[in-house]
Ligand code: ZN
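Residue numbers (the working numbering): 6 to 191.
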């Protein structure tokens, strides 16, 4: 049975550890972990989750962008499990954008990330995939990839002034949504 797993939070030393490569994707524990992470990311309104966030130190994460209360403007995609992911190439251009993390509740940060990346990963069936990701989905990948090396988004902000509370972030989102509606009515 698949189940939602508890997410560990900042301060738990496991979140700062590096994860190991997965040698057998078909392993029953790994397959169950993938299913459990899929459920966990959905139930917590995440757009991605990495195995170390549930205290499983394997190089595996889910990218699951979709609009939800925590990310109202996220693009919709089928959730993908990425095993032993790697960044093969990246754009020179970086963009700053807001991120949050299920392991860092109550805080948002403006984080610079590559705008475009070419990545390689093994999928749930054990097949090697090579895809280009851009904008928000590229951002999710880079955020989750960092978790595999014990890095969290607050390590990546250029200034502590780029950190804000969830409450203020929600106000910004509402303001942006209102001004967008006003603009589109013109
Ligand atoms: Zn995170």
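Note that beta-carbon positions come from the ideal geometry of N, C-alpha and C, so glycine has one too.
Exercise for review: Confirm the yes/no value for this check: CB of residue 148, any heavy atom of the ligand PLP, distance under 7 Å.
Suggested key: As far as ligands go, the structure on display features the ligand ZN and does not contain the ligand PLP.
Check your understanding: Looking at residue 15 and the ligand ZN, is the gap between the Cβ and the nearest heavy atom below 7 Å?
Key -> As a working note, residue 15 is residue 10 in the chain shown. For the ligand ZN, not one heavy atom lies less than 7 Å from the Cβ of residue 15.
Review point. How many angstroms separate the CA atom of residue 63 from the CA atom of residue 86?
Key: What you label residue 63 is simply residue 58 of the chain shown in a count that begins at 1. What you label residue 86 is simply residue 81 of the chain shown in a count that begins at 1. Going from the Cα of residue 63 to the Cα of residue 86 covers about 12 Å.
Review point. For residue 26, does the three-state DSSP call read helix, strand or coil?
Key: Here residue 26 refers to the residue found at position 21 when the chain shown is read from its first residue. Reduced to three states, the DSSP call for residue 26 is coil.
Review point. Sorted by chain position, which residues of the same chain lie with C-beta nearer than 7 Å to residue 25's C-beta, five sequence neighbours on each side aside?
Key: Indexing the chain shown from 1 puts residue 25 at position 20. Once the five neighbours on either side are set aside, the close Cβ partners of residue 25 are 62, 63 and 64.
Check your understanding: What are the residues that DSSP puts in a beta bridge with residue 135?
Key -> Position 130 of the chain shown, counting from 1, holds the residue named residue 135. For residue 135, which the question treats as bridged, DSSP gives the partners 125.
Review point. In terms of alpha-carbon separation, which member of 17, 90 and 168 lies closest to residue 133?
Key: As a position in the chain shown, residue 133 is number 128, starting the count at 1. Selected option, being the one with the closest Cα: 90.
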